[in-house]
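So the structure is just underneath, and the comments pick up after that.
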Amino acid sequence: MDCNQCEQTPEGGCTVRGVCGKEPDINGLQELVVYGLKGISAYATHARDMGYRDPDVDALVHEALYSTLTNVNFSTEDHVDLAMRSGKAAVDVMELLDEAHTTELGVPEPTEVPQNAVEGKSILVTGHDLYGLKQLLEQTEDEPINVYTHSEMLPAHGYPELATFDHLKGNVGGAWHDQRLLFRDFPGAIVGTTNCVQPPTEEYRDRFFTTGLTGLEGVESIDDYAFGPVIERATELPAVDWESNETVATGFHHEPVLDQLDEIVEAVESGKLRRFFVVAGCDGPTPGRDYYRELVKTIPDDCVVLTTSCGKFRFNDLEMGTVPGTEIPRYVDLGQCNNSISTVKIAGALAEAFDCGVNDLPLSVVLSWFEQKAIAVLLGLLHLGVEDIRLGPTVPEFLTESNVELLHEEFGLQPIGEPETDLREMLGEPQPASQAQPADD
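According to the numbering used here, the stretch in the sequence shown is residues 117 to 557, in order.
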C-alpha cells in the first residue's frame, strides 16, 4: 500500500500498514473505488457540459469519496458493496452521457472513415468532447479549413449531426499515446479537449490549444468554446498534403446493431454465429498489448468482435467482413469508452431474446485497462453481474493479492494469458496436448 492522507503519515508514507490501523487489503479496495470515481466524474462532466445531470450519481461520488478518503470505514464487506454501487453509478452515468450525445448529435450510424489522408488548412481534434467538436465545426463552416479527429474522437464521424459538416474529413493517427510524434509532424492547429493529452514538445506547442478542464503548461486555453484563436492559427499555418487510401469503420451503436436482432438470433440458433467477443478498453505504450491484436486476428470467422475505446486501434485496421452466410458485420466499433453502455444494451437484448441470463450467452469479455475510465467500466460490468471477465495487460498494481483473489472468487475476474490459450478456453475447445516430458534417467 501507499497511503499519505493524514498528518500521522511517516516519511515515505504508510506502506505496510496504516498508522490509523488501515490494512493493505482495505487500501486496495479504496483505490479501486477511487479510480472508478475518477472515470464516473469524467463522464458526468461531459454530460453536465451538455446540460445533463444525474443527482444520484453526484450523491454517490460524494458518499464514496467521504468513505474512502477519510478513514471513516474499514469494513471489507462495506467496501465491496461501495464498489458495486460505484459500478451502478458508472452504468447510470454512461446511460446519461449516451442520452446527451444521441439527443444532441443523433444516433450513430455505421460509416467508413478516411484514415491518415489530410489536405488543406487543417485542425486536428483529440480527446473525447463531441459537443466541443460540434461547436468547432459550426465556427469553421464558412472557413477554408478542414477538421480531422484523433484517437477517441474517431466515433464522431458516425453521429448524423456531426457528419452533416462536409469539412469534417477523416481521422488521423491511432490511440492517444502516438500524439507526440503525430502532432510534431502534423502542421496544422491541434485542439486537446479532455484527458489523454501529453505535455507538448516545442515543435508544436505554439499551435496546440486546450478546452474545458484540459490544461497544459504554455498552451492557450479556449474558454466557452470560442475557437477564434484556433481558427486564426490554422489559417496562418501551411496546408497539409498527406495521401492515404486507408479507411476505418466506426459509428455503430446499440440501436443500429439491435435493428439486426432477428437476424442475429437466427444466426446464433442456426449455428452460423458461434460467439460474441467484447474486446475493449484503453490502449497504452506498455508491453503486452499486442495480445489484443493477436487475439482478434485468431477469433474465428463465425464470431463477432464488439469494441469501444482507444484499445481498438490495436486491431481496427484488420479486414473482418461479415459472418459467413449473413449480413452481420464481424467488427462492431460501438464508440468511445463511455459507449461501453452499448455492449450492455446489446447483451441485455440478446439475453431477453434467448430467455437466459447474460452469463449464459455465447459472450466473452476481454478488457484492457490503462487508467480510471476503464476501471469505471469494469465496475459497471461487475455491478451488472457479468462474470469471467479477462483483464490485462497487467493486474492493477493497487490491488493486493487478497483483493485479486476476492474478485476472482466473487466474479471470476482473471488476468489475460496467452491469446491462443485464452481463445480456446472462451470457445470451450480443448487445449492441445502438452509435449511429453522426457523420462528421468
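Positions of the beta carbon are idealized from the N, C-alpha and C atoms, including for glycine. Values in this document were obtained by computation on a predicted structure and should not be read as measured data.
Burial state of residue i, where buried means 16 or more other Cβ atoms lie within 10 Å
i: P535; result: buried
i: Y182; result: exposed
i: G533; result: exposed
i: A163; result: buried
i: E147; result: buried
i: K428; result: buried
i: S484; result: buried
i: Q488; result: buried
i: T414; result: exposed
i: Q551; result: At Q551, the pLDDT of 45 sits below 50, so the modelled position is not reliable; the number obtained from the coordinates is stated separately. Exposed is the call here.
i: V420; result: buried
i: P546; result: exposed
i: P316; result: buried
i: N519; result: buried
i: E211; result: buried
i: S480; result: buried
i: G387; result: exposed
i: N432; result: buried
Beta-carbon separation (whole angstroms), residue i vs residue j, contact threshold 8 Å
i: Y264; j: K285; result: 6 Å
i: L539; j: L411; result: 6 Å
i: R323; j: L278; result: Incorrect: roughly 23 Å between the Cβ atoms, too far for contact.
i: C122; j: N143; result: Actually they are not in contact, since the Cβ atoms of C122 and N143 sit about 13 Å apart, beyond 8 Å.
i: T366; j: H273; result: 6 Å
i: L450; j: L422; result: 6 Å
i: F281; j: L298; result: Contact flag wrong, Cβ pair sits at about 23 Å.
i: E215; j: Y168; result: 7 Å
i: G248; j: Y341; result: 6 Å
i: H244; j: T309; result: 6 Å
i: E259; j: I347; result: 6 Å
i: S157; j: A180; result: That pair is no contact at about 11 Å.
i: L500; j: V448; result: 19 Å between Cβ atoms; not a contact.
i: H283; j: N262; result: 5 Å
i: L332; j: V288; result: Actually they do not touch by this definition, with Cβ atoms about 20 Å apart.
i: D208; j: V173; result: 5 Å
i: D471; j: G328; result: That pair is no contact at about 45 Å.
Residue i - containing beta strand (DSSP E), residue span
i: R296; result: Premise fails: R296 lies in the alpha helix (DSSP H), 295 to 301, not in any beta strand (DSSP E).
i: K285; result: 284 to 287
i: L507; result: 506 to 508
Pairwise C-alpha distance: residue j and residue i
i: D301; j: T326; result: 19 Å
i: A205; j: R133; result: 30 Å
i: Y159; j: V381; result: 32 Å
i: E541; j: T330; result: 42 Å
i: G334; j: S238; result: 22 Å
i: P548; j: V394; result: 25 Å
i: E139; j: T186; result: 14 Å
i: L434; j: F486; result: 23 Å
i: H195; j: V188; result: 11 Å
i: F392; j: R405; result: 21 Å
i: G397; j: S425; result: 5 Å
i: P445; j: M269; result: 22 Å
i: L477; j: D504; result: 12 Å
i: A555; j: T537; result: Confidence at A555 is low in this model, with a pLDDT of 49, below 50, so the placement of that residue is unreliable and no value is reported for it.
i: A175; j: L495; result: 17 Å
i: E513; j: L153; result: 17 Å
i: T351; j: T442; result: 48 Å
i: D557; j: N455; result: Residue confidence is low: D557 scores 42 on pLDDT, short of 50, so the model does not pin down where it sits. No coordinate-derived value is stated.
i: D375; j: P224; result: 13 Å
i: L403; j: V439; result: In the sequence as displayed, the identity of residue 403 is Pro instead of Leu. Between P403 and V439, the C-alpha separation is close to 32 Å.
i: I457; j: P126; result: 43 Å
i: D378; j: P401; result: 40 Å
i: D339; j: V364; result: 32 Å
i: L246; j: G437; result: 28 Å
i: V502; j: V373; result: 20 Å
i: E526; j: G473; result: 17 Å
Residue span of the alpha helix (DSSP H) that contains residue i, given as start and end
i: K154; result: 140 to 165
i: V482; result: First-last for V482: 479 to 484, but that is the beta strand (DSSP E), not the alpha helix (DSSP H).
i: D449; result: Run containing D449: none in the alpha helix (DSSP H); it sits in the beta strand (DSSP E), 447 to 449.
i: N519; result: 517 to 527
i: M542; result: 535 to 543
i: Q121; result: Q121 -> no alpha helix (DSSP H), and no H or E assigned at all.
i: P512; result: Element bounds for P512: n/a, residue is neither H nor E.
i: H178; result: 171 to 185
i: G270; result: Reading off the sequence shown, one finds Leu at residue 270, where the question assumed Gly. Premise fails: L270 is in no alpha helix (DSSP H) and is neither H nor E.
i: G491; result: The sequence shown places Ile at residue 491, rather than the Gly named in the question. I491 -> alpha helix (DSSP H) spans 488 to 499.
beta-carbon residue i near the ligand ZN non-hydrogen atom, thresh 7 Å
i: F343; result: In terms of ligand content, the structure shown is empty, and the ligand ZN therefore cannot be addressed.
Problem set entry | Length-filtered (4 minimum) alpha helix (DSSP H) runs lying within the stretch 298 to 363 | For the stretch 298 to 363, whole alpha helix (DSSP H) runs of length 4 or above, ordered along the chain, are 344 to 352.
For this session: At 3 residues or longer, and completely inside the stretch 358 to 419: list those beta strand (DSSP E) runs for me, N to C.
Result: 362 to 366, 391 to 397
Exercise. Can you list, in chain order, the stretches of the alpha helix (DSSP H) that have 4 or more residues and sit fully within the stretch 220 to 265?
Worked result: 246 to 255
Problem set entry | Uninterrupted beta strand (DSSP E) stretches inside the stretch 421 to 472 (no shorter than 3 residues) | 447 to 449
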